[in-house]
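**Q** As they're listed, the protein sequences go chains A and B.
Residue numbers for the first sequence follow my numbering, beginning at 6 and rising by one.
Residue numbers for the second sequence follow my numbering, beginning at 6 and rising by one.
2 protein chains.
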Amino acid sequence: MGAGSRCGARRSRPGAHAARVPRPEAPISPTIRERAERARGAARRLARLDAGAKDAALHALARHLRASAEPIAEANRRDLEAGQAAGLSVAVLDRLQMGPAVVEATAAAVEVVARLPDPVGSQREGRRLANGLLVARERVPLGVIAMIYEARPNVTIDAAALCLKAGNAVLLRGGKEASQTNSVLGEVLAASLGEVGLPVFAAQVVPAGDRESTRELLGLTGLVDLAIPRGGEGLVRFVAEHARVPVVQHYHGVCHLYLDAGCDVEMARALVLNGKVQRPGVCNALECLLVHEDAAREALASIAASLAEHGVEIRGCPRTRELVPAAVAATGADWGREFLDLVLAVRVVPSLEAAIEHIERHGSHHTEAICTRDVERAERFLREVDASCVLVNASTRFNDGGQLGLGAEIGISTSKLHAYGPMGLESLTCERFVVRGSGQVRR
Amino acid sequence: MGAGSRCGARRSRPGAHAARVPRPEAPISPTIRERAERARGAARRLARLDAGAKDAALHALARHLRASAEPIAEANRRDLEAGQAAGLSVAVLDRLQMGPAVVEATAAAVEVVARLPDPVGSQREGRRLANGLLVARERVPLGVIAMIYEARPNVTIDAAALCLKAGNAVLLRGGKEASQTNSVLGEVLAASLGEVGLPVFAAQVVPAGDRESTRELLGLTGLVDLAIPRGGEGLVRFVAEHARVPVVQHYHGVCHLYLDAGCDVEMARALVLNGKVQRPGVCNALECLLVHEDAAREALASIAASLAEHGVEIRGCPRTRELVPAAVAATGADWGREFLDLVLAVRVVPSLEAAIEHIERHGSHHTEAICTRDVERAERFLREVDASCVLVNASTRFNDGGQLGLGAEIGISTSKLHAYGPMGLESLTCERFVVRGSGQVRR
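Here it is as structure tokens:
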């Protein structure tokens with residue numbers, strides 16, 4: 006970690022707290038590999054820390070965030086101005102916002118993570134074998150995690166807090182559009198870690214460079230233990246395609262709700278509205294409603310009226326359009342489509358089997374739900390539908406780490422390796438075997 | 006799964022049981038992609054099966070193996086002859102053997118797997134949330150697994166049994182040197198599955214082609230959920246480098262044992278002998294002994310004498326050679342080396358820290374052990390050494406799925422994602438979230 010002057014990004018804009026805390030000594034513009042090597046060194050120290058030390062860092066982080074709300078907001082204004090000038094969409098600019106309210110919410114989220122139980126060191130399946138060996142599986146940190154993400158700068162802090170709590174070092178590679186905000190957040194992270202005596206390289210903001218530098222980061226086998234892409238499908242595909250390090254990916258959420266014959270129509274209406282209207286731009290929003298033909302007439306009339314009140318456009322199959330004249334004709338491309346908008350695809354199906362078949366073909370293994378009164382069909386749906394979260398008589402919006410009791414999440418995996426569904430602290434660790442003996446040898 | 010004549014491999018040598026059981030109808034020489042698509046279809050059916058149906062298939066497999074011992078041995082003789090003609094090493098030819106004794110052992114191992122508890126459907130962390138939702142994490146199969154392996158043809162059956170028990174379809178891509186044996190084993194698998202009415206494409210032997218065909222298999226994202234390479238470092242590296250599908254990899258085992266100051270010398274001697282001599286060619290064999298300088302004089306004399314009796318060559322550091330004159334001088338390349346032979350590297354170190362430092366630099370995250378009487382140093386070693394299995398006062402040879410209580414293993418992962426250490430049935434599944442409600446919506 007040799008001597009040298011402070012790196013360019015830090016030198017160019019000293020934060021409010023710059024004078025108060027020690028800052029890392031590092032050569033100008035470390036390479037991606039140098040950053041990863043420092044992260045690996047930091048990870049070794051983090052892995053040995055007790056929860057108390059890590060929680061102290063997180064509480065320091067929350068304090069430093071609040072104290073730096075002004076410089077953060079100022080850097081964010083510069084990012085927003087540059088984004089406007091570059092013609093970014095209103096939606097992207099909205100996600101880019103990090104004013105005082107977002108800073109406060111982010112600091113509060115860090116405190117929530119600090120209060121979660123530490124997964125590291127927890128043991129399961131401890132048992133004494135016939136030969137007297139005590140064997141247990143023990144949770145340990147993964148090591149170095151690379152977060153690759155876009156737009157929302159609060160992800161920088163959310164991800165850092167979760168990674169640190171689980172004993173991992175993290176390389177935070179955000180998008181160019183948030184680079185000034187992220188740079189200040191990197192200073193805040195370093196200041197917080199430094200204040201409590203933890204390695205400042207444990208959470209590093211990697212400057213948003215070109216795709217080549219991301220590719221380099223994704224090729225650092227042996228230095229990076231896991232890459233987590235979070236963002237649009239283009240970003241996730243790029244990471245999946247170029248990574249030589251392990252990746253847990255979250256593509257998109259094409260969530261279905263199936264209304265069974267004989268279902269509670271009022272419940273169905275509430276589930277559809279909640280799934281589609283509460284927050285249409287997120288991955289667990291409802292994108293397609295499947296309705297059993299025996300339920301269609303009664304259910305669709307009431308549901309369509311409520312959706313219309315909320316300005317939702319229905320893209321329906323022919324039978325749907327008979328029952329809901331205002332519905333637009335769905336095209337083939339509307340099945341399996343993530344609208345992320347006030348648009349809902351609706352299809353009338355002849356059976357539960359047809360609904361499962363539709364989901365198998367068009368679903369994204371994210372979230373799938375059934376509304377039914379029939380216990381056998383509920384169980385069949387749960388058993389035969391393959392998704393990270395399957396629900397009976399509940400809104401798809403519940404597929405979320407916070408809602409499902411994980412405390413917080415770093416993403417939702419739609420691939421099955423390592424994690425499937427919302428990834429909480431436990432997903433940022435792995436289990437090893439610990440064996441205690443008294444001289445046993447193998448026969 | 007359209008009609009067509011039987012595939013070439015099967016047609017060319019009808020097995021003894023060929024007339025008794027239905028055989029899959031398939032076009033001649035399906036492509037790798039076609040095989041994977043059929044596997045995916047089979048996986049959907051397997052995922053819904055109860056343990057009873059899967060166990061029946063495994064018992065049928067054990068029966069068919071025993072009934073086919075003769076055709077298996079005959080095909081194996083042809084592989085061995087071709088291998089000898091091609092100049093394969095004695096070690097490889099030895100691993101290639103599948104005579105009646107190996108067939109019987111393999112059939113017995115299948116029966117062991119049949120008796121293991123089914124991981125699919127098991128739930129944990131089931132709880133009722135404040136809003137009344139019942140949430141649980143439930144184990145489900147991964148889907149389609151591609152095994153890429155070399156030499157030992159019994160892996161074909163071992164891997165198939167584990168994958169099927171966990172509800173997965175499997176593509177078995179063995180080495181060219183075992184292709185005739187594996188082809189007959191593929192017939193045995195199809196016959197067993199067919200007999201009990203399970204999809205015959207659930208376990209397919211993929212003909213050993215060139216590396217290009219392996220690369221194609223490893224590129225089938227969306228069809229193959231996991232690739233498991235098992236074999237030499239060259240094979241594992243090839244898979245890691247070319248896979249677009251997730252890989253759990255097992256490189257090599259460079260296992261260390263550290264003899265602490267004040268350790269029980271007799272225990273130390275037993276652990277060293279067991280680690281090095283019992284089966285030197287396996288990945289959990291001991292490759293390097295680290296000895297605290299205060300223990301070196303007493304321990305090394307006794308250990309070296311015992312090792313000499315077993316014909317073990319010692320490659321020692323200068324201090325080791327002072328104490329053991331027969332020791333050869335170790336070169337830099339001997340640290341971190343997997344000898345897989347009756348050779349042991351020995352280094353005298355000044356402290357526990359130096360031992361941990363050596364392991365950090367030269368270990369392979371496989372298996373690391375300490376022999377000590379001191380509880381504090383035992384705990385420090387366990388906490389600071391990063392390996393899939395860490396042991397106190399026990400032989401490194403215990404890092405094995407069977408020995409650690411997993412019942413059986415499909416490999417030992419030295420990477421941390423998804424699995425770290427021996428992979429049993431549980432590693433061939435993942436957890437999803439299952440939510441049962443009564444109309445809850447998100448606020």
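Even for Gly, the Cβ is constructed at its ideal location relative to N, Cα and C.
Quick caveat: nothing in here was measured; it's all calculated off a predicted structure.
Less than 8 Å between CB atoms is the rule here; does S393(B) satisfy it with respect to chain A?
**A** Chain A, which has a Cβ nearer than 8 Å to the Cβ of S393(B), makes this yes.
**Q** Three or more beta-carbon pairs under 8 Å between the region 295–312 of chain B and the region 270–278 of chain B, yes or no?
**A** Result yes; three or more Cβ-Cβ pairs closer than 8 Å.
**Q** Using the rule of at least 16 other Cβ atoms within 10 Å of the residue's Cβ for burial, across every protein chain shown, is E75(A) buried or exposed?
**A** E75(A) is exposed by the Cβ-count criterion.
**Q** Alpha helix (DSSP H) containing P146(B): first to last residue?
**A** Unbroken run through P146(B) is the beta strand (DSSP E), L139 to P146; no alpha helix (DSSP H).
**Q** Using a C-beta cutoff of 8 Å, does A56(B) count as contacting chain A?
**A** No, no contact with chain A.
**Q** So, for D339(B): in the same chain, excluding its five sequence neighbours on each side, which residues have a beta-carbon less than 7 Å away from its beta-carbon?
**A** Counting only Cβ-Cβ distances below 7 Å, and skipping sequence neighbours, we find R320 and A350.
**Q** Leaving aside the five residues before and after G316(B) along the sequence, list all residues of the same chain whose C-beta is less than 8 Å from its C-beta, in chain order.
**A** Answer for G316(B): L347, listed in chain order.
**Q** Pick out whichever of H257(A), D230(A) and A232(A) has its Cα sitting closest to the Cα of C238(A).
**A** This sequence places Glu at residue 238(A); Cys is not what is there. Nearest C-alpha to E238(A): H257(A).
**Q** To which residues does DSSP link H64(A) through a beta bridge?
**A** DSSP output for H64(A) lists no bridge partner at all.
**Q** Taking Cβ positions only, does R441(B) come closer than 8 Å to chain A?
**A** Chain A, which has a Cβ nearer than 8 Å to the Cβ of R441(B), makes this yes.
**Q** In the DSSP assignment, what are the bridge partners of E318(A)?
**A** In the DSSP output, where bridge partners are listed per residue, E318(A) has V348(A).
**Q** Give the secondary structure of T226(B) by DSSP, where H, G and I count as helix, E and B as strand, and everything else as coil.
**A** Residue state, collapsed to three classes: coil.
**Q** Would you check if there are 3 or more beta carbon pairs closer than 8 Å linking the region 241–252 of chain A to the region 405–417 of chain B?
**A** No: the two stretches stay apart, fewer than three of their Cβ pairs being nearer than 8 Å.
**Q** When the Cα atoms are used, what is the spatial distance from G442(B) to S400(A)?
**A** Taking the straight line joining both Cα atoms gives about 9 Å.
**Q** I want to see whether chain B comes within less than 8 Å of D265(A), judged by CB atoms only; does it?
**A** No, its Cβ sits nowhere closer than 8 Å to a Cβ of chain B.
**Q** Which residue's Cα is closest to the Cα of L328(B): N289(B), E318(B) and R302(B)?
**A** The option with the nearest alpha carbon to L328(B) is R302(B).
**Q** I'd like to know whether the C-beta atoms of D265(B) and C376(B) end up nearer to each other than 8 Å.
**A** For D265(B) and C376(B), yes; Cβs fall inside 8 Å.
**Q** May I ask whether a heavy atom of the ligand MG can be found less than 7 Å away from the beta carbon of R83(B)?
**A** Absence of the ligand MG is noted for the structure shown, with no ligands found whatsoever.
**Q** Within 8 Å (strictly less), CB to CB, does S420(A) reach chain B?
**A** Chain B, which has a Cβ nearer than 8 Å to the Cβ of S420(A), makes this yes.
**Q** Contact between the region 288–296 of chain A and the region 349–364 of chain A: three or more CB pairs below 8 Å?
**A** The region 288–296 of chain A, when compared against the region 349–364 of chain A, does touch it at the 8 Å Cβ threshold.
**Q** Determine, using beta carbons only, whether A207(B) and A56(B) come nearer to each other than 8 Å.
**A** No. Outside cutoff.
**Q** CB I150(A) to CB L70(A), shorter than 8 Å?
**A** It is not a contact, given that the beta carbons lie outside the stated cut-off.
**Q** Leaving out five residues on either side along the sequence, give the residues of the same chain with a beta carbon under 7 Å from the beta carbon of I364(B).
**A** Counting only Cβ-Cβ distances below 7 Å, and skipping sequence neighbours, we find H261, E373 and V390.
**Q** For I233(A) and L222(B), I'd like the C-alpha separation in whole angstroms.
**A** For I233(A) and L222(B), the distance between alpha carbons rounds to 24 Å.
**Q** What does the alpha-carbon distance come out to for the pair E314(A) and A332(A)?
**A** Approximately 14 Å, taken between the alpha carbons.
**Q** Does the region 179–189 of chain B come close enough to the region 197–214 of chain B that 3 or more CB-CB pairs lie under 8 Å?
**A** Segments in contact, yes.
**Q** Using the Cα positions of V250(A) and N159(A), report the straight-line distance between them to the nearest angstrom.
**A** Their backbone Cα atoms lie some 25 Å apart in a straight line.
**Q** I'd like the list of long-range same chain contacts for V125(A), defined as Cβ closer than 8 Å, with 5 residues on each side in sequence excluded.
**A** Within the same chain, V125(A) has close Cβ partners A52, A56, R144, V145, P146, A171, G172 and T434.
**Q** Using DSSP with H/G/I as helix, E/B as strand and the rest coil, what is V325(A)?
**A** Residue identity check: residue 325(A) is Thr in the sequence provided, not Val. T325(A) falls in the helix class under three-state DSSP.
**Q** Looking at R100(B): is its Cβ nearer than 8 Å to the Cβ of R157(B)?
**A** For R100(B) and R157(B), yes; Cβs fall inside 8 Å.
**Q** Could you pull the start and end residues of the alpha helix (DSSP H) that S188(A) belongs to?
**A** Looking at the DSSP string, the run of the alpha helix (DSSP H) that includes S188(A) is S184 to E200.
**Q** By how many angstroms is the C-alpha of L203(A) removed from the C-alpha of R284(A)?
**A** In a straight line, the C-alpha of R284(A) is about 38 Å away from that of L203(A).
**Q** Whose Cβ in chain A lies nearer than 8 Å to the Cβ of N398(B)?
**A** Those within 8 Å of N398(B) in chain A are R441, G442, S443, G444 and Q445.
**Q** Restricting to Cα atoms, I'd like to know which of R132(B), A62(B), G236(B) and A96(B) is closest to L167(B).
**A** When each option's Cα is compared against that of L167(B), the closest is A62(B).
**Q** Using a C-beta to C-beta distance shorter than 8 Å, which residues of chain B count as neighbours of A275(A)?
**A** Within chain B, the residues near A275(A) are G444 and V446.
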